[in-house]
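For reference, the structure is listed below as structure tokens.
Below is the structure:
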């Protein structure tokens, strides 16, 4: 356990010793008198002290100004004496040349985590192997000042070290590179060492080497810490490096720190020694890593505390598994500590490959841009993704912790052991980590039925995004860092995982697992492309007889990974001869308005079952649409029986039927499995949304839920009904919509009731939260009363000084908070805000932030929005997008959110930067309620006015505009049909 005392003071002289930027110069000797010597010594001491103070306190601003000035005089890499190798000419200017490759880094960092001086003095020694003659060494840097006078290149000769002179230093700010231009050519086959001394920043951007802080509840003092987030392209912010995933090397890390703090890195600590230059500081020297990519390197300096979670049945007796957090949050690590080692052991068995490192740390950080990051041996999380308090956190939070932990541990094989060669195959790690993560989650929590939930959480979740013309292939060419960051989206994660799930079903699990193991063994500690995976799976499938010899996995899967979108398979039955015409075409949200005609076809694995002998378990394909438009299926039943295609929705496609078959499925809806109900509801409502199916059929099917009480069907229905809710919210038809949905909810609401009950299953708890949320949202009388009453009791107990944790059960919080704030005034809002500021539980803070956006008071919403660009407001940068989305999802706040985004675009861009999807999430959120030509033109104008500043939001704008354009079309073409159906249903059922 680590102490919490303050960082010892660093003298000015000590700080100055680590920030020397001058070139070394020779010195001459002089003879002087004693008095002169004393006087000179006095002046030197004073000067040194003053210089130290100036350097220590002013250096960050000085460095920034110098970097800005340097930017004005940069030259491209191809100028001067720079000889560009042939391998470089073939690549984009944003990619590194390949004439030298790194084999080992020795990194030595001295981070100053002190107010007004968040700087890092660093040194790096990079061992290189030359593959092709060239006269430069080019690598990545960003926000780093190189001490040019200290740069050294040496040839590592067996008998001697030969210096190579650096004659020029060239920077390319767009490509984020630094080149040392040499006086001679590097020789192929020879090893070299590049030494760079540099000054870096501990920034507040949540990327690279960044700072974070928290308030110690015991003392009320602010505690600073420094951590890293290097994926995808930010290791270059911490040290000069070859910052592309294919450049794997070994790393030996040394970190300086105050003696009262501790440090962590990818490998175990080798030894600690006092730091002679700064009293009270120490060096931590870490073991050498296995070969790995730069984006997986990590280190943390903090006063965090730890919980030992080691299991004895892991691969090595000496293996250690540890979970870290703030001291006052340490009890919240127990759930993650209990499941983490079990999942890791399961994955060792699943892949039949031992975990290759001697330890695994999982660390909860107060500030973190992503949910988590899979740094090898040192996984970092935002607090809400790792910490769970059974008395405060919800069942949804518990599931999220388990899912994220499993996802990140799966990365230790898919992503870390074998890394995508380049970011176009990001899905190779993210899709697999998502899919395999669900296997690990099912292992530790089998009663949760997460394999069934995968359909709702991932497959159906990404269907809407991938139905846009502005979507992108799973494997997509990217070059610039902005393009790389943009593809960290649902296509790479959810669609990637969904097509992997499809592949698992059509190959069979045994073949699939053997093929994965072969792939990992063949490419371990290296990088690979998707074709390498296809090769191993094909070899195994042909060996097992799981795939006909004329078919290859590459031929099949290239149609799913290299082209955008997915098909809708239309089944048109011939009831006279018992056949069906099966056709495929790309499913587009606005296919009637599409500017392009898609001729895309896929290799579609077809599974189906019949009403006479229904089989909902056989998911191996009965036939294929072999990359052709259509086929015919024989031996189907007559018009009295339905057929159903895509069993368990294992294929990544939608299915449409002729009207007769739809009516047969509707009449048998109550007798179908829950997964099938969820599939039909999602397909029907989205087919209707796109104009491919009459809304009367989709809504008739939805009305069958009136007798259903299960989670999966309702979950799918609510997601699809979300579109109707937002489109109708400001129309005359909304009253009928609310009454009908509340009537459909009546049975499931009464079966669940408002309060948690003893014996509730995991799905019962999830179902209750979802149903109560919709009921209160639609102003269900008793739901609203219960929520407001619970909140009033909570407020009154707090005002009376009585601490009562049981007034609002954890699973009620989301509903109670939002409903009370929605129907309350400024006092209710203020109380929730104060509870947010004082909460010690990350997930509870997130619920409160979202609830604060539920108010219907415009002035409160506007003030709330203004706080997301302020460091002093209490809203962490990682949570700014969450606040914005909460306001934008409020029918009262939507227009306010759009105006805020439009009027503060430059401020938002400057504050949040490009590292994460924060601004992209804001852009997507403003499209939610937009459905008029005026709103469409306003959104297009916002894009056009900032066309040169879109950065990582380019794709989000295109997708948001396409969604709004589809909404406008829907209002023109479908609103009347829906309104008429709602009116008719209301009259018939006396609503």
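Numbering (the numbering used here), first residue to last: 144 to 1134.
By construction, the Cβ of each residue, glycine as well, lies at the ideal position given by its N, Cα and C atoms.
TODO: With a 10 Å radius around its C-beta and 16 neighbouring C-beta atoms as the bar for buried, classify residue 902 as buried or exposed.
DONE: With fewer than 16 other beta carbons inside 10 angstroms of its own, residue 902 counts as exposed.
Open item on the list: Buried or exposed for residue 199, going by 16 or more other Cβ atoms inside 10 Å?
Closed with: Because the pLDDT of residue 199 is 38, which lies under 50, any placement of that residue in the model is unreliable, and the number read from its coordinates should be weighed accordingly. Residue 199 comes out buried.
- [ ] Note down the Cα distance separating residue 220 from residue 313, rounded to an integer number of angstroms.
- [x] Unreliable placement is indicated for residue 220, whose pLDDT of 31 sits below 50; no coordinate value is reported for it.
- [ ] For the beta strand (DSSP E) holding residue 1018, just list the boundary residues, first then last.
- [x] Element bounds for residue 1018: n/a, residue is neither H nor E.
Open item on the list: Tell me the DSSP secondary structure of residue 311 in three-state form.
Closed with: strand
Open item on the list: What ranges does the beta strand (DSSP E) occupy inside the stretch 701 to 739, keeping only unbroken runs of at least 3 residues that lie completely in it?
Closed with: Taking 3 residues as the minimum length, the beta strand (DSSP E) runs contained wholly in the stretch 701 to 739 are 710 to 717 and 722 to 729, in order along the chain.
Task: Whether residue 923 touches residue 867 by CB criterion (8 Å) - done: No; because the gap between Cβ atoms is not below 8 Å, this pair is not in contact.
Task: Selected residue, minimal CA-CA separation from residue 357, among 828, 420, 505 and 510 - done: 510
TODO: Would you tell me roughly how many angstroms separate the C-alpha atoms of residue 1126 and residue 770, rounded to the nearest one?
DONE: 44 Å
Open item on the list: If contacts are defined as beta-carbon pairs under 8 Å, then residue 724 and residue 782 qualify, I think. What distance do you get, rounded to the angstrom?
Closed with: With 8 Å as the limit, residue 724 and residue 782 do not qualify as a contact, their Cβ atoms being about 16 Å apart.
Open item on the list: Suppose you measure from the CA of residue 1028 to the CA of residue 980; what does that come to, to the nearest Å?
Closed with: 20 Å
Open item on the list: Using a Cβ distance threshold of 8 Å, determine whether the stretch 250 to 266 contacts the stretch 325 to 344, with at least three qualifying pairs required.
Closed with: The stretch 250 to 266 is in contact with the stretch 325 to 344.
- [ ] Spatial neighbours of residue 331 within its chain, please: CB distance less than 7 Å, with the 5 preceding and 5 following residues excluded, ordered by chain position.
- [x] 273, 274, 275 and 276
Open item on the list: Buried or exposed for residue 1133, going by 16 or more other Cβ atoms inside 10 Å?
Closed with: exposed
Task: Rounded straight-line distance, which links the Cα of residue 822 to that of residue 1033 - done: Roughly 28 Å separates the two Cα atoms.
Task: Anticipated Cβ contact below 8 Å, residue 404 with residue 468, distance rounded - done: That belief does not hold up - the Cβ atoms of residue 404 and residue 468 are roughly 15 Å apart, past 8 Å.
Open item on the list: Check whether the stretch 1106 to 1114 and the stretch 1084 to 1093 touch, using three or more Cβ-Cβ pairs below 8 Å as the test.
Closed with: By the Cβ rule, the stretch 1106 to 1114 does not count as touching the stretch 1084 to 1093, because fewer than three pairs are nearer than 8 Å.
TODO: Could you check the C-alpha separation between residue 472 and residue 798 for me, to the nearest Å?
DONE: Approximately 48 Å between the Cα atoms of the pair.
Task: The beta strand (DSSP E) enclosing residue 505, as first and last residue numbers - done: 502 to 508
Open item on the list: Give me the DSSP bridge partner(s) of residue 448.
Closed with: 468
Task: 4 or more residues per run - each alpha helix (DSSP H) lying fully within the stretch 501 to 574 - done: 538 to 554
Open item on the list: So, with DSSP's three-state summary, where would you put residue 997?
Closed with: coil
- [ ] Tell me where the beta strand (DSSP E) around residue 425 begins and ends.
- [x] 424 to 429
Task: Best match in 410, 427 and 440 for proximity to residue 381 [C-alpha to C-alpha] - done: Taking only the C-alpha atoms, the option nearest residue 381 is 440.
Task: Local Cβ density within 10 Å of residue 232, reported as buried at 16 or more and exposed below that - done: With a pLDDT of only 32 at residue 232, under 50, the local geometry of the prediction cannot be trusted, and the value read off the model is given with reservation. Note on residue 232: under 16 other CB atoms within 10 angstroms of its CB, so exposed under the neighbour-count rule.
Open item on the list: Using the Cβ count rule (16 or more neighbours within 10 Å means buried), how would you classify residue 1131?
Closed with: exposed
TODO: Evaluate the contact criterion for the stretch 954 to 968 versus the stretch 912 to 929: three or more CB pairs, one atom per stretch, below 8 Å.
DONE: With the rule of 3 Cβ pairs closer than 8 Å, the stretch 954 to 968 counts as touching the stretch 912 to 929.
Task: Rounded separation between residue 586 and residue 493 - CA only - done: 11 Å
TODO: Return the chain-ordered list of same chain residues with a C-beta closer than 7 Å to the C-beta of residue 1024, the five sequence neighbours on each side being excluded.
DONE: 1061, 1064 and 1065
TODO: Going by DSSP, name the residue or residues bridged to residue 1147.
DONE: In the structure as shown, the chain starts at 144 and stops at 1134, and residue 1147 therefore has no counterpart that could be examined.
- [ ] Label residue 1002 either buried or exposed according to how many other C-beta atoms from any shown protein chain fall within 10 Å of its C-beta, with 16 as the threshold for buried.
- [x] exposed
Task: Range of the contiguous alpha helix (DSSP H) that encloses residue 675 - done: 673 to 687
Task: Residue(s) in a DSSP beta bridge with residue 128 - done: Past the edges of the chain, shown from 144 to 1134, lies residue 128, and the structure says nothing about it.
Task: Cα-Cα separation, residue 896 to residue 911 - done: Those two C-alpha atoms are separated by around 8 Å.
Task: Burial state of residue 324, where buried means 16 or more other Cβ atoms lie within 10 Å - done: Buried.
TODO: Classify residue 186 as helix, strand or coil using the three-state DSSP reduction.
DONE: Here residue 186 scores only 45 on pLDDT, less than 50, and its place in the model should not be relied on; the value that follows carries that caveat. Helix.
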